[in-house]
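**Student:** Supplied in structure tokens, the structure appears directly below.
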Amino acid sequence: MTTDRSGRPDPPDRAARADRVRHADRLDQPRALRRTLRSHYDPETFGKLSERIARFLGTARFLVYMTGFIVVWVLWNTLAPDTWRFDEYPFIFLTLILSLQASYAAPLILLAQNRQDDRDRVQYEQDRMVADRNQADTEYLTRELAGLRIALADVATRDFLHAELQRLVDDVRARPR
């Protein structure tokens, strides 16, 4: 138990706070868990879900469903009996629903695009590394072929040997016996 300057014991919360401060600077001990009101979510799972939603929002099926929903809404609220209507002509509630849907769709689409950009960046880096490796291999093979051509220039070819042997045969025949 700690005491204050006058020698009286510190209140329990003060002592606990002092103990936390002492341990906060220690790197050899894990930090104490803090309770927060924020909920924990897995960013990867949320990202995958947002991609699925964004992928669905970009389909013809979604457009057909949304068009059908709006047509049914408008027809219901214009042709149904007055007691059954719930959104009169300016269709304020429909506008609110569409605005709410758009306000959620835009960030989800942006999140999905950012994740796709990250994947494209990684793919680009891998493609660049493969291209660099292929270029290095091609340059190596080109140097090897050039070396082989230079080495073959010093090697007697079949035609050269044939011509030399023919010349020697002609020289032997031309000598007097």
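Residues in the sequence shown are numbered consecutively from 245, following this note's numbering. In this text, a Cβ means the ideal position worked out from N, Cα and C, and glycines have one as well. Bear in mind that the values here come from a model prediction, so they are computed numbers and not experimental data.
#1: Which residue from Glu332, Tyr384, Gln345 and Ile297 puts its Cα closest to that of Leu355?
#2: Do Leu352 and Ser283 count as a contact pair if the criterion is CB distance below 7 Å?
#3: Considering only the alpha carbon of each residue, which of Leu281, Arg279, Thr280 and Gly291 lies closest to Arg363?
#4: In the DSSP assignment, find the unbroken alpha helix (DSSP H) run with Gly391 in it and report its ends.
#5: Within its chain, find whatever has a CB closer than 8 Å to the CB of Phe335; leave out the 5 residues flanking it on each side and keep chain order.
#6: Rounded to the nearest angstrom, what separates Thr339 and Ala350 at their Cα positions?
#7: Helix, strand or coil: how does DSSP classify Pro287 here?
#8: Whose CA, out of Tyr285, Ala418 and Met310, lies closest to the CA of Ala346?
#9: Taking the continuous alpha helix (DSSP H) assigned at Leu410, which residues delimit it?
#10: Counting only the same chain and skipping the five closest in sequence on each side, list residues whose C-beta sits under 7 Å from that of Phe313.
#11: Would DSSP call Arg270 helix, strand or coil?
**Tutor:** According to the data block:
#1: Closest option to Leu355, Cα to Cα, is Ile297.
#2: No, the pair does not count as a contact, with Cβ atoms beyond the cut-off.
#3: Distance check between Arg363 and each of Leu281, Arg279, Thr280 and Gly291 places Gly291 closest, using alpha-carbon atoms only.
#4: Ile336 to Ala397 is the span of the alpha helix (DSSP H), which, as asked, contains Gly391.
#5: Counting only Cβ-Cβ distances below 8 Å, and skipping sequence neighbours, we find Trp317, Val318 and Asn321.
#6: About 16 Å.
#7: Residue state for Pro287 is assigned as helix, using DSSP reduced to three classes.
#8: For the residues Tyr285, Ala418 and Met310, the minimum Cα distance to Ala346 belongs to Met310.
#9: Looking at the sequence shown, residue 410 is not Leu but Gln. Arg402 to Ala418 is the span of the alpha helix (DSSP H), which, as asked, contains Gln410.
#10: There are no such residues.
#11: Of the three classes helix, strand and coil, the one that applies to Arg270 here is coil, per DSSP.
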